[in-house]
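Colleague: In this note's numbering, the protein residues as written are -11 to 683. Supplied in structure tokens, the structure appears directly below.
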């Protein structure tokens, strides 16, 4: 419905505005569901979610997204009825609210023009027709009817919910200076935490101190009255108490009472907090395309810096004792430091916490549990780990598909788990941590685990591989068959997963980010999916190599080492070139062969081998020359041009260097291993699994 790549500024602004609101709304729903199960839902909690739904409706209306207004308005009405106590929260109503949230999220993230009319009509109708218990205005013999008449529906509901929870209802008065009202009121509110709830503020009939305003404040608490009177330094009128069940007159220690010492201390704390909050709010939303443009300029500056470094080196070589040469070198080193600071700062601006993804998954997990009848909880670790904003968005769908598979296939029903001696509630955990210039995301479950032999049998039965081929595979290689296009363990299409979109799509999406996916599993105990991806693809260090007169860029995050090779060390095994590195036989890829150019004669001279790969998969890329190491900005090549082994292109600046191709190590490795393994697949299959066939 709303395209992220829409050229409309309004659409981009809308997405920026709604992202934060939806994340907050999602957190609120997750908290509400947990509190509902624990029987601890409060009006204040519901009121917070109501405000988020109201804000979302307003933003959708401002930008003209009327269909989203319809859904958010239905949510707002439901939360409004909940917060004022006119309806009771039920499992059906909670489920409908979660589905409405999921629909709103889908409407904002849909990349195509999808008609959501049927879904919108269904969810809004459900919210309106959900069976709820409607309550009239409640009465309590021991609460003054005049006081009740001054309260809003929401405030009245808070009062009776507090009585229901066993709290005392108290009324106190205080003067607030007009000139510093906000700070004094915030300071007073701070004194309420964490064991006193403010129900309402009401006007007082008594005359205030000059230059101030006098308010009556209705509060609820289970604390002893003496403790509360000492805290607020004032007498309290008991409006309702289970013990006393009577009203008493209020009197104050001093009719001209202002603010006690502890009140002033709280005011100072609140002022400090206000300053901190203001500082934290000093942020500006910037369209990611603008950051891309800045990053492109930084990349070009990096090339100019490299040119200056070479020039300084050449001048020093020609005039080693020249003062101009020393001055140029000094300037070059200073520029190098400042450029590094600039590059790191721009990269840092693009980074966001990966935890914002976890919020989306928790609400989706709740929906999946309702559909499947399974009980699953979610645990997160390393939510503060930072990664490029665009990488986060690209990770969203692959991980979502993995969660669907885990809930549908891996996590057992509660009764089955109990028979196995497991907790009724299954667990899916997300862990994120930085490893060098990459981020590792682990998705773990404590379900059935994966039967490797079953995977192999299914692949054979579906005609994806031959029995002869499978018989020669190790357990790790058999596991990799799960990434074959068309592979599935189920024969029927389900509502949760099994929709014809397999883990091959997940693998391709991760690979498009220059990442890798691995699986570790123990049958009966669970499975761990390990995703390894770069922190950013905006700008990356690259090794510039040359072969057959052409230069290429090799992303440094795929390079483990560069070695010098005697051509005699390369030998043929099973019809393919390999080399022995530290007792490990590694496939060899000659750049001239990969790129389809004429290979130059080595005449026995030493050549260079770049040890590269993704995760544990390795190959040796052979090139004639290693030129230099540079920061490059990778630009995509037109989608109409299909180039095997190419990730994109980068501009090396003016002169003979020009634009060169950036190598795709994953694609080269995959093609090489697929060719070596002799894997035969149907015509509809375009890519086989990444498999380490040599150890």
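Think of the CB as a built atom: it goes at the ideal place given N, C-alpha and C, for glycine as much as any other residue.
With DSSP collapsed to three states, give me the class of residue 28.
Modeller: Against the chain shown, residue 28 aligns to sequence position 40. It is coil, neither helix nor strand.
Colleague: Using the Cα positions of residue 352 and residue 490, report the straight-line distance between them to the nearest angstrom.
Modeller: To locate residue 352, count along the chain shown from 1; it is residue 364. To locate residue 490, count along the chain shown from 1; it is residue 502. Rounded to whole angstroms, residue 352 to residue 490 spans 19 Å at the Cα level.
Colleague: Using CA coordinates, which residue listed in 559, 434, 556 and 474 is at the minimum distance from residue 517?
Modeller: In the chain shown, the residue the question calls residue 517 occupies position 529. Checked all of 559, 434, 556 and 474; the closest Cα to residue 517 is 434.
Colleague: Does residue 412 pass the burial test, meaning 16 or more other C-beta atoms within 10 Å, or should it be called exposed?
Modeller: By one-based count along the chain shown, residue 412 stands at place 424. Result: exposed.
Colleague: Under three-state DSSP, which class holds residue 151?
Modeller: Here residue 151 refers to the residue found at position 163 when the chain shown is read from its first residue. Three-state DSSP puts residue 151 in a helix.
Colleague: Which whole-angstrom value is the C-beta distance of residue 648 and residue 637, which I expect to be below 8 Å?
Modeller: Counted from its first residue, the chain shown places residue 648 at position 660. Counted from its first residue, the chain shown places residue 637 at position 649. Correct: roughly 7 Å between the Cβ atoms.
Colleague: Where are the beta strand (DSSP E) runs, 3 residues long or more, that stay fully inside the segment 159 to 223, in chain order?
Modeller: Listed in chain order, they are 184 to 191 and 200 to 209.
Colleague: Could you please give me the residues that DSSP links to residue 639 through a beta bridge?
Modeller: On the chain shown, position 651 is the one that residue 639 refers to. Note: residue 639 sits in a beta bridge opposite 647.
Colleague: Taking 8 Å as the CB-CB cut-off, is residue 211 touching chain D?
Modeller: Any reference to chain D falls outside this structure, which holds one protein chain only.
Colleague: Residues in its own chain within less than 7 Å of residue 11 by CB, not counting five upstream and five downstream?
Modeller: Along the chain shown, read from residue 1 onward, the residue named residue 11 stands at position 23. Cβ neighbours of residue 11 beyond the five flanking positions: 344 and 347.
Colleague: Residue 571: buried (16+ other C-beta within 10 angstroms of its C-beta) or exposed?
Modeller: For the purposes of this step, residue 571 is taken as residue 583 along the chain shown, with counting starting at 1. Residue 571 comes out exposed.
Colleague: How is residue 104 classed by DSSP in three states: helix, strand or coil?
Modeller: As a first step, residue 104 is located in the chain shown; it is residue number 116 there, counting from the start. Three-state result, residue 104: coil.
Colleague: Under the three-state reduction of DSSP, which class applies to residue 373: helix, strand or coil?
Modeller: By 1-based counting over the chain shown, the position of residue 373 is 385. Residue 373: coil per DSSP, three-state reduction.
Colleague: If we ignore side chains and look at the alpha-carbon of each, how far apart do residue 318 and residue 299 end up?
Modeller: Within the chain shown, numbered from 1, the residue matching residue 318 stands at position 330. Within the chain shown, numbered from 1, the residue matching residue 299 stands at position 311. Rounded to the nearest angstrom, the two C-alpha atoms are 13 Å apart.
Colleague: Around the Cβ of residue 471, are there at least 16 other Cβ atoms within 10 angstroms (buried) or fewer (exposed)?
Modeller: Counting from 1 along the chain shown, the entry for residue 471 is found at position 483. It is buried - the Cβ of residue 471 has at least 16 other Cβ atoms within 10 Å.
Colleague: Tell me, please, whether the segment 515 to 531 touches the segment 421 to 439 by the rule of three or more beta-carbon pairs shorter than 8 Å.
Modeller: Cβ pair count under 8 Å is three or more, so yes.
Colleague: Going by alpha carbons, who is nearest to residue 619 out of 395, 640, 589 and 396?
Modeller: Taking the first residue of the chain shown as position 1, residue 619 is located at position 631. Comparing Cα positions, the closest option is 640.
Colleague: In this structure, does DSSP put residue 543 in helix, strand or coil?
Modeller: For the purposes of this step, residue 543 is taken as the residue at position 555 of the chain shown. Residue 543 falls in the strand class under three-state DSSP.
Colleague: So, under 8 Å CB-CB, residue 225 and residue 158 are touching, yes? Tell me the CB distance rounded to an integer number of Å.
Modeller: Numbered from its first residue, the chain shown carries residue 225 at position 237. Numbered from its first residue, the chain shown carries residue 158 at position 170. Indeed they touch by this definition, with Cβ atoms about 7 Å apart.
Colleague: Would you please state the rounded distance, in angstroms, between the beta carbons of residue 437 and residue 512? I believe it to be under 8 Å.
Modeller: Working through the chain shown from its first residue, we reach residue 437 at position 449. Working through the chain shown from its first residue, we reach residue 512 at position 524. Confirmed, about 5 Å.
Colleague: Alpha carbon to alpha carbon, how far is residue 392 from residue 606?
Modeller: Here residue 392 refers to the residue found at position 404 of the chain shown. Here residue 606 refers to the residue found at position 618 of the chain shown. Near 31 Å, if we compare the C-alpha coordinates of residue 606 and residue 392.
Colleague: Is residue 170 close to the ligand NAD? I mean its beta-carbon at under 7 Å from any heavy atom of the ligand.
Modeller: Ligands in the displayed structure: none, and consequently the ligand NAD is not present.
Colleague: So for residue 457, helix, strand or coil by DSSP?
Modeller: Start at 1 with the first residue of the chain shown, and residue 457 comes out as number 469. Here residue 457 sits in helix by DSSP.
Colleague: Does the Cβ of residue 308 have 16 or more other Cβ atoms within 10 Å, making it buried, or fewer, making it exposed?
Modeller: Within the chain shown, residue 308 is the residue found at index 320, counting from 1. Exposed, because fewer than 16 other Cβ atoms sit within 10 Å of the Cβ of residue 308.
Colleague: So, using beta-carbon positions, are residue 653 and residue 600 closer together than 8 Å?
Modeller: If you number the chain shown from 1, residue 653 lands on position 665. If you number the chain shown from 1, residue 600 lands on position 612. Cβ distance < 8 Å, so residue 653 and residue 600 count as in contact.
Colleague: Excluding the five sequence neighbours on either side, which residues of its own chain have a C-beta within less than 8 Å of the C-beta of residue 36, listed in chain order?
Modeller: Taking the chain shown and counting its residues from 1, the one referred to as residue 36 is at position 48. So the qualifying residues of the chain are 16.
Colleague: Apart from the five residues on each side of it in sequence, which residues of its chain come closer than 8 Å, Cβ to Cβ, to residue 439?
Modeller: Counted from its first residue, the chain shown places residue 439 at position 451. Closer than 8 Å at the Cβ level, and outside the excluded window around residue 439, lie 511.
Colleague: I need the straight-line Cα distance from residue 354 to residue 86, nearest angstrom please.
Modeller: By 1-based counting over the chain shown, the position of residue 354 is 366. By 1-based counting over the chain shown, the position of residue 86 is 98. Looking at the two C-alpha atoms, the distance is approximately 8 Å.
Colleague: Please classify residue 581: does DSSP put it in a helix, a strand, or coil?
Modeller: Translated into the one-based positions of the chain shown, residue 581 becomes position 593. Note: residue 581 maps to helix in three-state DSSP.
Colleague: Would you kindly report the start and end of the unbroken beta strand (DSSP E) that includes residue 464?
Modeller: Numbered from 1 along the chain shown, position 476 holds the residue referred to as residue 464. Element bounds for residue 464: not the beta strand (DSSP E) but the alpha helix (DSSP H), 463 to 468.
Colleague: If we call anything under 8 Å between Cβ atoms a contact, is residue 227 one with residue 141?
Modeller: As a position in the chain shown, residue 227 is number 239, starting the count at 1. As a position in the chain shown, residue 141 is number 153, starting the count at 1. Against a cut-off of 8 Å, the Cβ pair of residue 141 and residue 227 comes out as no contact.
Colleague: Would you decide whether residue 210 is buried or exposed? Buried here means 16 or more other CB atoms lie within 10 Å of its CB.
Modeller: Walking along the chain shown from the start, residue 210 turns up at place 222. Exposed.
Colleague: In whole angstroms, what is the alpha-carbon distance linking residue 108 and residue 59?
Modeller: Position 120 of the chain shown holds residue 108. Position 71 of the chain shown holds residue 59. Each residue's alpha carbon lies about 6 Å from the other.
Colleague: Taking contact to mean at least 3 C-beta pairs separated by less than 8 Å, is the segment 88 to 104 in contact with the segment 22 to 36?
Modeller: Flag = no, the segment 88 to 104 and the segment 22 to 36 do not touch.
Colleague: Since residue 161 and residue 194 should fall inside the 8 Å C-beta cutoff, what is the C-beta to C-beta distance between them, to a whole number of angstroms?
Modeller: Start at 1 with the first residue of the chain shown, and residue 161 comes out as number 173. Start at 1 with the first residue of the chain shown, and residue 194 comes out as number 206. With 8 Å as the limit, residue 161 and residue 194 qualify as a contact, their Cβ atoms being about 7 Å apart.
Colleague: At which residues does the alpha helix (DSSP H) containing residue 448 begin and terminate?
Modeller: Looking up residue 448 in the chain shown gives position 460. First-last of the alpha helix (DSSP H) with residue 448: 440 to 449.
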